[in-house]
Each structure stands twice: as structure tokens, then as C-alpha cells.
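One structure is given below, encoded as C-alpha cells.
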Amino acid sequence: AIINFGSINIDHVYQVDHFVQPGETLASTHYQQLLGGKGANQSIALAQAGADVRHVGSIHENDATFKQTLIKKGVDCRGVKCSETPSGHAIIQVTPSGENAIVLFGGANQTITADTVNKALLDTSSSDWVLTQNETSSIADVLRLAKEQQLKVAFNPAPMSESVKALPLDCIDLLIVNETEAAALTDKEALDDILNVFKEQWSHCEVIITLGKAGVMMLRGSDTIEVEAFSVDAVDTTAAGDTFIGYFLSAYSTHTDAKRALIRGCAASAIAVTREGAAQSIPTQKEVDRFLAK
Ligand code: ADP
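Just so we're aligned, residue 89 is where the sequence shown starts under the working numbering, counting upward by one.
Below is the structure:
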């Protein structure tokens with residue numbers, strides 16, 4: 089199984105003619121509530137890819153329908169607890185040109201404690217993987233306790249923040265970052281410099297750097313594996329990284345050859361960028377198989 093300690097957010101999406109100004113009351117022309125959060129997106133991608141995924145997280149009881157959405161997608165949500173704190177949510181204004189402005193509230197995502205982590209890791213087997221991002225509390229406990237139990241640890245430090253550098257990063261087996269996160273983590277800008285830091289200072293773990301439409305690189309021991317992105321007409325790159333991670337890890341955690349797993353990740357995320365939205369843009373396994381057969 090893959091145990092994902094991750095955020096569950098409710099995205100409140102408001103269409104507006106322009107971003108609201110100080111002191112202004114602005115009527116929205118359209119409103120939609122969507123399930124979001126990097127954690128939930130990655131769990132959905134894992135489930136769509138056919139993985140046995142357990143989500144560990146927290147939402148307010150009034151928002152149980154969002155948990156149901158995850159369950160319907162095939163995610164085991166027994167580790168999703170009800171919190172008295174409001175659910176994590178984002179207030180998203182979208183203008184006609186597609187620009188957005190976002191207010192984010194971590195809420196229930198920040199109520200995960202070391203105790204939650206301990207309990208979630210009680211019933212695991214040595215072939216299990218643990219995955220986490222940077223949108224929930226007690227990440228240091230997740231990394232440390234998972235390593236102590238000799239589980240494989242995958243970490244996607246997104247959204248990146250300075251606090252990531254203080255985490256027990258030596259517990260990680262697989263680091264997955266995009267270019268921005270890689271630059272912030274290594275304090276370098278040029279890709280060559282970034283790669284050198286990872287090769288010199290991160291040799292304890294495997295590193296995947298996703299490069300948007302330039303594809304993906306994986307540092308694995310002394311090997312560097314490169315896979316090109318598929319050429320598609322991108323309309324919305326939201327959740328590209330989440331889709332990649334879910335599809336890659338689903339394959340890799342079941343011992344698929346690294347290059348093949350990277351190709352599956354790239355194919356799934358290429359499909360996702362041709363569709364609007366986050367969770368609803370993540371393709372099914374059948375769609376990915378069909379895409380790769382072309
Ligand atoms: P994030 O969404 O975390 O910023 P990236 O932008 O690096 O991550 O995208 C993740 C993966 O999605 C890439 O490695 C690539 O395989 C795929 N991808 C992203 N943008 C495109 C695109 N325009 N065309 C094809 N594939 C893409």
C-alpha cells in the first residue's frame with residue numbers, strides 16, 4: 089500500500105470580472121466548489137493508476153461529501169479524521185483572462201499530530217510506501233517514523249517553504265520536486281548546478297525533477313534517467329505534478345522499471361494538462377494505456 093499523509097482542501101472558485109480591490113464588494117458571476125489540495129490530488133492519481141492507497145488527513149465533519157468523493161475514486165479514507173477546525177480551503181478568484189488570486193487556509197490539514205502519524209503507521213508491512221507533501225502538519229514525524237519502521241519514504245516538498253530545509257531529510261528515499269522547488273531547496277538557479285548539488289549532497293536518496301513541458305529527470309545512484317514530455321496542446325497545467333507523482337509512484341512502488349514508471353507518469357500528466365481543472369483532469373488507467381499505445 090501507499091500511505092499518503094496529505095492535505096484535503098475545498099477550493100471555492102469565484103469567476104470575477106477583476107480581482108476584488110481594497111474596500112470593494114464584488115459580485116461573482118459564477119461559483120463552484122471543488123475538491124483540491126495536493127494531498128487529495130495525489131491520492132486520486134494513485135487510485136486512478138490502480139494503486140492501493142490509504143489517505144491520512146483531516147477535514148471538518150460538515151464536509152464529509154468531499155471524503156465521499158475520495159472514497160468513490162478508490163481511496164481508502166479510514167485514516168481521514170473529522171476535525172472541529174474548519175476544513176482546509178482556498179478562496180480562488182478567476183478573471184476572464186484565466187489569472188487567479190488565492191487565499192489559502194490550512195485549517196484541519198494543520199491538525200495532524202505525531203499521534204495521528206503513529207496510529208496510521210501501526211498497521212503497515214515492509215513493502216509499503218509513505219508519501220507526503222508540505223501542506224499538512226507533523227511532516228517531520230511522518231518522515232522520521234516511516235523511516236524508523238523501514239518503510240519507503242517519498243517526499244514532495246510542495247508548496248516549497250524555508251521550513252522544509254529543517255526537516256529530517258535524511259529519512260527520504262525518493263524526493264520529487266519541480267524546477268522551482270529544486271532551485272529553492274538547493275539555493276541554485278541553473279539546472280546543471282541544481283543537479284550537482286543533488287548528486288553531491290543527496291546521494292542517500294533518489295531524486296526526480298519534473299521540468300514541465302521539458303519532461304523529467306531522475307537521479308538514481310550514479311545513473312541519470314531522462315524522459316521527454318509528450319507533445320500535447322496544454323490548456324491547464326494545474327495538478328500536472330500531482331498526476332505525475334501518482335502515476336509514477338503507483339508503478340514504481342510495484343517494482344516497475346524506473347524508466348517505464350517515469351514514462352507512465354509523463355503520459356498521465358500530459359493527458360491531465362489537456363484538460364481543465366485539478367482532480368477532474370486526472371486520467372484513468374485505461375486512458376493512459378490508450379495514450380501510450382498510440
Ligand atoms: P508541477 O505541476 O508540480 O509544477 P511540472 O510543471 O514539472 O510540475 O509538470 C509535471 C509533469 O507534467 C512534467 O514532468 C511533464 O511530464 C508533464 N507536463 C507538464 N506540463 C506539460 C506540457 N505542457 N506538455 C506535456 N507534459 C507536461
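Quick reminder that beta carbons are idealized off the backbone N, C-alpha and C, glycines included.
Relative to the ligand ADP, even the nearest heavy atom lies 7 Å or more away from the CB of L307. In the three-state reduction of the DSSP assignment, T312 falls in the strand class, which pools E and B. If you draw a 10 Å sphere on the C-beta of K287, you find fewer than 16 other C-beta atoms in it, and that means exposed. Closest in alpha carbon position to L380, among A367, R363, D330, A317, is A317. Contact between the region 111-129 and the region 302-315 is absent: fewer than three C-beta pairs spanning the two stretches fall below 8 Å. According to the DSSP assignment, I264 belongs to no alpha helix (DSSP H) but to the beta strand (DSSP E) extending over 262-266.
Within the same chain, and ignoring the five residues on either side of V361 in sequence, the residues whose Cβ sits closer than 8 Å to its Cβ are V320, A322, V323, D324, T325, A328, S369.
For T325, the Cβ falls inside the 7 Å cut-off from some heavy atom of the ligand ADP. For Q103, the uninterrupted beta strand (DSSP E) run begins and ends at 97-103, by DSSP. Counting the other Cβ atoms within 10 Å of the Cβ of N222 gives 16 or more, which makes it buried.
Counting only the Cα atoms, A208 lies some 27 Å from A349. For the options N244, L255, T204, the alpha carbon positioned closest to that of A228 is the one of L255.
In the same chain as K169, and ignoring 5 residues on each side of it, the C-beta atoms closer than 6 Å to its own belong to S146, in chain order.
Going by beta carbons, G94 and G125 fall inside the 8 Å limit. Taken in chain order, the whole alpha helix (DSSP H) runs of length 4 or more contained in the region 174-236 are 202-208, 227-236.
R308 and D258 have their C-alpha atoms spaced approximately 16 Å apart.
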